[in-house]
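Take any residue in the sequence shown, count from 1 to its spot, add 20: that is its number in our numbering.
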Amino acid sequence: MKPSKHFASDNFAPVHPAIFKAIAEANTGHVKAYGDDPYTDAALKKLQAQFGETADAYFVFGGTGANVLGLKTVTESHHAIICAESAHINVDECGAPEKFTGCKILALPSPDGKIRVEQIEPLLAAVGNMHHSQPKVISISQPTEYGTVYTPEEIETLAQFAHQHELLLHVDGARLCNAAAHLEMGLRDITGDVGVDVLSFGGAKNGMMFGEAVIFFKRTYGKAFPFIRKQGMQLFSKMRFIAAQFDAYLTNDLWLKNARHANDMAQLLAKQLAAIPGITITQPVEANAVFAILPKEAIPQIQQHYFFYVWNEATSETRLMTAFDTTQRDVRGFVNAIQTAMKH
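Shown next, in the form of structure tokens:
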């Protein structure tokens, strides 16, 4: 019998009971559509409490929509967006950023998922040259696609560099809560307060059913977003069902409790795997992802019981994700399955 939980993605996890309850409680009577309702008003106030009173927030369906429309709002089609090679906008969004923004993506190599000023600086040689796409946005993932976490100082360095060169800093924060939990800092501390201009703030990977928020830290940046959201097919008519989730998510630190637990389970998994001869942990475990090289011949047998993704087929590097509902027992069962497969 296959286990009910896997280690492929935190998207596999169910909806947190408090989120489900909030959706059910919002499912009463009639309210105005398209965000002109008390649920949306309450949730936006919760977001401002977390990110600052000047934070200009809008709800959309999912992470790709949040990234693409947030970037489209602050770019023109002759611009370029700079990111890591492993960035979600470069690898996992089926070309949507290029299609809908018209921008060229300039992807930089990064063994740990992070990009740095010294890598970006040479790209600015194209500024002012009509034959080249013009760099406009630096986009980072926090945490990165490798589960590593930018420190506030690293983000501030990127932001200062961007602003000195009339660029903007965008953060793909699909798992931002996991980064904040790791850093033991508030959400605003690692975004608006260190110079982030545009943020995609996710919840679906941390207990929500669906919904993301696009946040502009200067209202002038988001002025056109309501129109771009509609044109981009991300305006939800029954907005209260996204808003109610965010309201619950940001109440009593549910976002933090969920993320902290997922991170703790990743630490436990990494510790137990590191103790097994023949397994190598390839990245610092700073959020809810463990990257580990497993014996190639054992992987198919393990996957018969627990599904997970092979990140690099050539090296047998795997990505193992924990979630808010992962338990110590789940981790032990998974590790036991790995050990059993390696004995055969």
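Glycine included, C-beta positions come from ideal geometry on N, C-alpha and C.
Spanning the alpha carbons of I101 and K156 requires a straight line of approximately 6 Å. Under the three-state reduction of DSSP, N226 is assigned to helix. Boundaries of the alpha helix (DSSP H) harbouring D267: R260 to Y269, taken from the DSSP string. Looking at T338, T302, Y241 and G83, the one whose alpha-carbon comes closest to that of L189 is Y241. According to the DSSP assignment, N332 belongs to the beta strand (DSSP E) that extends over Y329 to N332. Q154 is bridged by DSSP to H99.
Around N110, the same chain offers C103, I125 and A127 as residues with beta carbons nearer than 6 Å, after the five sequence neighbours per side are excluded. The residue among H99, V137, A194 and E118 with its C-alpha nearest the C-alpha of N149 is H99. By the Cβ neighbour-count rule, E306 is buried, with 16 or more other Cβ atoms within 10 Å of its own. Annotation for V355: L289, Q292, L293 and I296 place their beta carbon closer than 8 Å to its own, counting only its chain and skipping 5 residues before and after.
Collapsing the DSSP output to three states places E337 in a strand. With respect to the 8 Å criterion, Y78 and A309 are not classified as neighbours on the basis of their beta carbons. Rounded to the nearest whole angstrom, the C-alpha separation of D76 and S220 is 12 Å.
Residue burial is scored here from C-beta neighbours: Y54 has fewer than 16 other C-beta atoms within 10 angstroms and is therefore classed as exposed. Residue nearest to T95 within the set F181, P129, K243 and S106 is K243 (criterion: CA-CA distance). Contact between F40 and T342 fails: their C-beta atoms lie close to 21 Å from each other, not under 8 Å. The residues A38, I39 and A42, in chain order, have a CB closer than 6 Å to that of A268 in the same chain once the five nearest residues on each side in sequence are set aside. A straight line joining the alpha-carbon of G353 with that of V330 spans about 19 Å. When DSSP states are grouped into helix, strand and coil, K238 belongs to the coil group. When the alpha-carbon of Q359 is set against those of E333, N332, T346 and H325, the nearest one is in H325. The beta carbon of S106 is closer than 6 Å to those of G133 and E165 in its chain, skipping five residues each way along the sequence.
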